[in-house]
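Undergrad: Quick note, the sequences are listed as chains A and B, same order. Take the first sequence: its letter number 36 is residue 56 in the working numbering, and every next letter is one higher. Take the second sequence: its letter number 287 is residue 293 in the working numbering, and every next letter is one higher. C-beta: ideal position from N, C-alpha, C; glycine also.
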Amino acid sequence: MRYGMAIDTKKCVGCSDCVVACQTENNIPHGYTRDWISETVEGMYPNLALEIRSERCNHCDNTPCVRTCPTGASHVIEGGIVKVTHEECIGCGACIESCPYDARYFHPEGYVDKCTFCDHRVKNGQDPACVSVCPTHCMYFGDLDDPNSEVSKKIASRKTKVLAPEAGTKPQIFYLI
Amino acid sequence: MKTTRRDFIKITSMGVGGLALSMSPVLGWVPGFLEDDEQIPDDSKAQRYPTVCEVCFWKCAGWIYTVKDKEGKEKIWKIVGNENDQHSRGRLCPRGTGGIGMYYDKDRLLNPLIRVGKPGKQTFKEVSWEEALSFIADKMKEIGNKYGKESMALFHHGTTGPHFEHLFKAFGSDSIAEPAIAQCLVPREVGFKATFGKGVSSPEPTDIRNTRCLVLIGNHLGENMHNGHVQEMSEAIDNGATIITVDPRFSTAASKSKFWLPIKPATDIALLLAWMNVIIKEKLYDKQYVEKYTYGFDLLKSHVKNFTPEWAYTKTGIKPDIIRETAYTMAGAAPAVIIHPGRHTVWYGDDTQRSRAIAILNALLGSYGRKGGIYFPEKKRLPKFPHAEYEEPKWTWKTITRNKYKLAPLGVTNVLIDYALPENKSDKKIKGCFITATNIVKSIPDQKKTIRALDNMELVVVVDTMPTEITGYADVVLPEAVYLERYDYARTNQHRKPNIALRMPAVDKPAGNSKPGWWIAREIGLKLGLEEYFPWKNIEEVLDWQFKKVGTSLEEMKKIGVKEFEKEDYLYIPDGADWEFNTPSGKIELFSNLLAAEGYDGLPKFTEHKQNPQGFYRLIYGRVPMHTFGRTVNNPYLNDLRSENHLWVNPKVAEDWGIENEQEVWLENQDGIITDFPVKVRITQRINTDAVYLPHGFGGDNKKMTRAFGKGASDSELITNIKIDKETGATGMRENFVTFLLEKPDKETT
């Protein structure tokens, strides 16, 4: 079992529904987010290309955030989901420094917070909140170890890329390009 | 000109900051309703209540989830789409998801307010509902006696509108208009009505999920989050459909398109005529369909014979081979092709004619009433709860509108405003108004005129949830409960299958002293002695009665939220079937008898429009996906996503002016109007050198909207050159040009 995501940049319109759905689902304070939208424009008018991506923690296979955590608050649970136990976090920020994706932030209550792939939903067979609300259906979540899962099939059938591959973190979010 | 009504900031009894007050404890809420953020509840443990979203006009049905907080009080947790709803298909857009911010917004209106004091020294005082409503009823009677009841106008928007429309008609006035018409979609309604005998209505019945080719003309789907359409566009992308986008700006939709046609602004009709020229000349139209169902083909054929792609190139800047290739693509996909009618279609003053050209092109390709084209929607009509008959007013919006704009199907806000101006010499005058859930100083172009009209009225009542700019011009402000706290009439909009949807409150009581619109309208009605028009105690009684007439009940609707009914009419024209269209000829009118009979062009013509003067840039405005007009900028969730707008400027233009990315500039338009606030520049290749792009809805100037105030620039301020659509009176807004001011202008703040 290895959870991961495929995100179709050809369908994403950058509406940010994933961002606000995460905020309401997970009770994130205003001014903070666990996921966000990035846009890359290439070319000159009128020969242009635009790529829009919904980004978040990549729940990497190789996790510098877990390695650098002095208390063990950052850890990996079943399915490869990277989590932070809030009570064990001392807010030192080492994990924030080590993350090539800038996917973690200081919660105003003093701990580091990040995407959980909505494991509280996943355990009930639901998709993460961001995936479940997306009006463009551009996100696919599931078991990357299962070649018959929708997410595996999407990745197999399309050209993909990951973010910051040079960091060697083996990210588990694949962008369909 | 400085107007006294702007002096809204002070409230006599409370002083500065007194508006967000005597609130229920929920409004002091900050995220943190749970003991431990790691213990997010299961959906199955939460309560849920059906709702219909009110953050935009798409009216998606969804579920409001509530959970118990630390003190055991039920709190609104989240809103998600209703799986059985055709509008949302189980998924809301960011505004719908963030709709809970309307409930939690600390800047909300919570008490009735009445303007007091002498001119120039005006403030508001909080009053009881009894005092506010009696004041209004007395003033309405006085205006009715002095000028006639018709002199009371209603400007409305959204689901609250029907409650007040009923009140006004019961009172004896049909001087009613909504900015959603003449400031938005009326040209396409009339263009399609003239062609097919039926307007487009909402949601637009475009069969996007089954189409093979979607053509978007100035329609930035994906930046406007018309939920069902955005979802279906995604499905169309999955299905390999071709998207053709015509837009001077590289919109999000353009980036999803096989063909992006970066057209010279204001030349769309030339492109449409050239497409017709190619399709007719090369016999690519649907011959059987055209022969069987249409009228006026020969007239159209001779009309477009000279509008070649080579001719159109000189107008539009789109190369002839691209015009041909896109025409072939459309014809190749036909009849599964959609030339989208658009929604905000008030551009250059020949908008009904442009919409006609779009309708004609659909007809030539045989897409109207065909799978993958434009389907026949259906709606479930709920019977009206019986009440006394309305009395016929001596004059209505029609009397003062249709003498000039003969095809206006609904009230034209700008015409009613004209009849409220001091210089109006007609014996028909608007002397008072209600403004419900619309911000007409922002939504109606030419702000100064609107303000003069408001200043000339003897009663201005604003019903809203937020202290938007318009509340600053009111004599009485009535705080409305937000949609999550109230019942409304059921949603009965058209869709593929007829359906109804219920909105009900998810909390025991609305925040503060706010009240639902239906209650406010009814109470005023009772004060005016109109009991026979309100023969029910509350809206639950009306809803239950209506639901039982169609085989359900309020109790059942509370459990299911949405109910679908069997379709009674065809979704598409059955192959080769005879079909009658509601036009003068009974056919699809390529040549419009309706328009010609009223003295308008029976076939669309291309008119040259003004291009940008030296040193000026056409102001193109549009939407960002996380906001609805100016209504949502203060919503804490949606403000978090986008708190200000950026002005898109081409790198070449930025270089000419020495403007840097993120630099603040002020804008001045062709009439010397300068924005109240600066806007940050986003230097981008996505806009050409002859235009700038400014997302709409920002630059709020009411300090009571603490998050929205002064954030970015308002395009509404800059829209002072209005091109009126001859057929409908709609206000074309896209012939305004702006230049940059790099230093803070010496300007009296209004």
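Just checking my contact of B:Thr-456 with B:Ile-446 at CB under 8 Å: how many whole Å lie between their CB atoms?
TA: Rounded, the Cβ-Cβ distance is 6 Å, consistent with contact.
Undergrad: Using CA coordinates, which residue listed in B:Ile-728, B:Tyr-425, B:Lys-543 and B:Lys-270 is at the minimum distance from B:Met-158?
TA: Closest option to B:Met-158, Cα to Cα, is B:Tyr-425.
Undergrad: Can you find a CB in chain B that lies within less than 8 Å of the CB of A:His-95?
TA: Not closer than 8 Å to any Cβ of chain B, the Cβ of A:His-95 fails to qualify, so no.
Undergrad: Counting along the chain, where does the alpha helix (DSSP H) carrying B:Ala-459 start and finish?
TA: Per DSSP, B:Ala-459 belongs to the alpha helix (DSSP H) from 453-461.
Undergrad: Report yes if the C-beta distance between B:Arg-97 and A:Val-153 is below 8 Å; otherwise report no.
TA: In contact: B:Arg-97 and A:Val-153 (Cβ atoms closer than 8 Å).
Undergrad: Given a limit of 9 Å on CB to CB distance, which residues of the region 735-750 of chain B reach chain A?
TA: Under the 9 Å Cβ criterion, the region 735-750 of chain B contributes no residue.
Undergrad: Let me check understanding here. Comparing Cα to Cα, which of B:Val-513, B:Ile-665 and B:Ile-345 lies closest to B:Tyr-493?
TA: For the residues B:Val-513, B:Ile-665 and B:Ile-345, the minimum Cα distance to B:Tyr-493 belongs to B:Val-513.
Undergrad: Can you find a CB in chain A that lies within less than 8 Å of the CB of B:Pro-37?
TA: For B:Pro-37, the predicted model reports a pLDDT of 47, less than 50, meaning its position is unreliable; a value from the coordinates is still stated below. Chain A, which has a Cβ nearer than 8 Å to the Cβ of B:Pro-37, makes this yes.
Undergrad: Whose C-alpha, out of B:Asn-420, B:Gly-164, B:Asp-682 and B:Lys-533, is nearest the C-alpha of B:Asn-499?
TA: It is B:Gly-164 whose Cα lies nearest to the Cα of B:Asn-499.
Undergrad: Cα-Cα, which of B:Lys-533, B:Thr-471 and B:Pro-541 is closest to B:Lys-521?
TA: That would be B:Thr-471, whose Cα lies nearest to the Cα of B:Lys-521.
Undergrad: Thinking C-alpha only, which one of B:Arg-692, B:Tyr-578, B:Glu-475 and B:Ala-487 is nearest B:Lys-710?
TA: Cα-wise, what sits closest to B:Lys-710 is B:Glu-475.
Undergrad: When you compare the CB of B:Gly-246 with every CB in chain A, is at least one pair closer than 8 Å?
TA: Taking Cβ atoms only, chain A never reaches closer than 8 Å to B:Gly-246, which makes this a no.
Undergrad: Kindly list the residues whose CB is nearer than 6 Å to the CB of A:Cys-119, restricted to its own chain and excluding five residues on each side of it in sequence; keep chain order.
TA: The answer, listed in chain order, is Cys-85.
Undergrad: Say whether chain A places a C-beta atom closer than 8 Å to the C-beta of B:Gln-617.
TA: Not one chain A Cβ lies under 8 Å of B:Gln-617.
Undergrad: For the structure I just gave you, are there three or more beta carbon pairs, one from the region 680-698 of chain B and one from the region 240-257 of chain B, closer than 8 Å?
TA: Segments in contact, yes.
Undergrad: Can you give me the Cβ contacts of B:His-652 inside the same chain, cut-off strictly under 6 Å, excluding the 5 residues immediately before and after it?
TA: Only Lys-686 and Arg-688 meet the Cβ criterion.
Undergrad: Using CA coordinates, which residue listed in B:His-633, B:Leu-609, B:Gly-718 and B:Ser-649 is at the minimum distance from B:Asp-304?
TA: Residue B:Leu-609 is the option with its Cα nearest to B:Asp-304.
Undergrad: When burial is assigned at 16 or more other CB atoms within 10 Å of the CB, is B:Gln-453 buried or exposed?
TA: Buried is the call here.
Undergrad: From the DSSP output, read off the bridge partner residues of B:Trp-266.
TA: DSSP output for B:Trp-266 lists B:Thr-251 as bridge partner(s).
Undergrad: Which ranges does the alpha helix (DSSP H) cover as unbroken runs of at least 4 residues, wholly within the region 157-199 of chain B, from first to last along the chain?
TA: List check, alpha helix (DSSP H) in window: 167-177.
Undergrad: Spatial neighbours of B:Ser-19 within its chain, please: C-beta separation below 6 Å, excluding the five flanking residues on both sides.
TA: With a pLDDT of 40 at B:Ser-19, under the threshold of 50, the predicted position of this residue should be treated as unreliable, though the coordinate-derived value follows. Answer for B:Ser-19: Lys-131 and Glu-132, listed in chain order.
Undergrad: Determine, using beta carbons only, whether A:Glu-45 comes closer than 8 Å to chain B.
TA: Output row for A:Glu-45: interface = yes.
Undergrad: If the cut-off is 8 Å on Cβ atoms, which residues from the region 25-42 of chain A count as contacting chain B, listed in chain order?
TA: Residues Lys-30, Lys-31, Val-33, Gly-34, Cys-35, Ser-36, Asp-37, Val-39, Val-40 and Ala-41.
Undergrad: Rounding to the nearest angstrom, what Cα-Cα distance links B:Tyr-539 and B:Met-108 in this structure?
TA: Looking at the two C-alpha atoms, the distance is approximately 31 Å.
Undergrad: Mapping the DSSP letters down to three states, classify B:Thr-444 as helix, strand or coil.
TA: If DSSP states are grouped into helix, strand and coil, B:Thr-444 belongs with coil.
Undergrad: Measure the beta-carbon distance from B:Arg-194 to B:Thr-351 and round it to whole angstroms, keeping in mind my assumption that it falls under 8 Å.
TA: About 5 Å; that satisfies the 8 Å criterion.
Undergrad: Mind pulling the chain B residues with CB within less than 9 Å of A:Tyr-23?
TA: Going along chain B, no residue has its Cβ under 9 Å from A:Tyr-23, so there is no contact; the nearest lies around 17 Å.
Undergrad: Cβ atoms of B:Phe-743 and B:Pro-619: under 8 Å apart, would you say?
TA: A contact, by the Cβ cut-off of 8 Å.
Undergrad: Look at B:Ile-344 and B:Leu-367 and say whether their C-beta atoms are less than 8 Å apart.
TA: Not in contact: B:Ile-344 and B:Leu-367 (Cβ atoms no closer than 8 Å).
Undergrad: Which residues mark the beginning and the end of the alpha helix (DSSP H) in which B:Pro-315 is found?
TA: 315-322 is the extent of the alpha helix (DSSP H) around B:Pro-315.
Undergrad: Would a C-beta distance cut-off of 8 Å place A:Leu-70 and B:Ser-261 closer than the cut-off?
TA: Yes. Within cutoff.
Undergrad: Taking all protein chains shown into account, do 16 or more other C-beta atoms lie within 10 angstroms of the C-beta of B:Leu-748, making it buried, or fewer, making it exposed?
TA: B:Leu-748 is exposed by the Cβ-count criterion.
Undergrad: What residues of chain A sit near B:Asn-230, judged by a beta carbon separation below 7 Å?
TA: Ordered by position in chain A, no residue passes the 7 Å Cβ test against B:Asn-230, which lies about 10 Å from the chain.
Undergrad: Would you be able to state if there are at least three C-beta pairs under 8 Å between the region 615-630 of chain B and the region 259-274 of chain B?
TA: The region 259-274 of chain B vs the region 615-630 of chain B: in contact.
Undergrad: Which chain A residues are close to B:Ser-649, counting only those with a beta carbon under 9 Å from its beta carbon?
TA: Those within 9 Å of B:Ser-649 in chain A number zero; the least Cβ separation is about 10 Å.
Undergrad: What is the DSSP secondary structure of B:Arg-688, reduced to helix, strand or coil?
TA: Of the three classes helix, strand and coil, the one that applies to B:Arg-688 here is strand, per DSSP.
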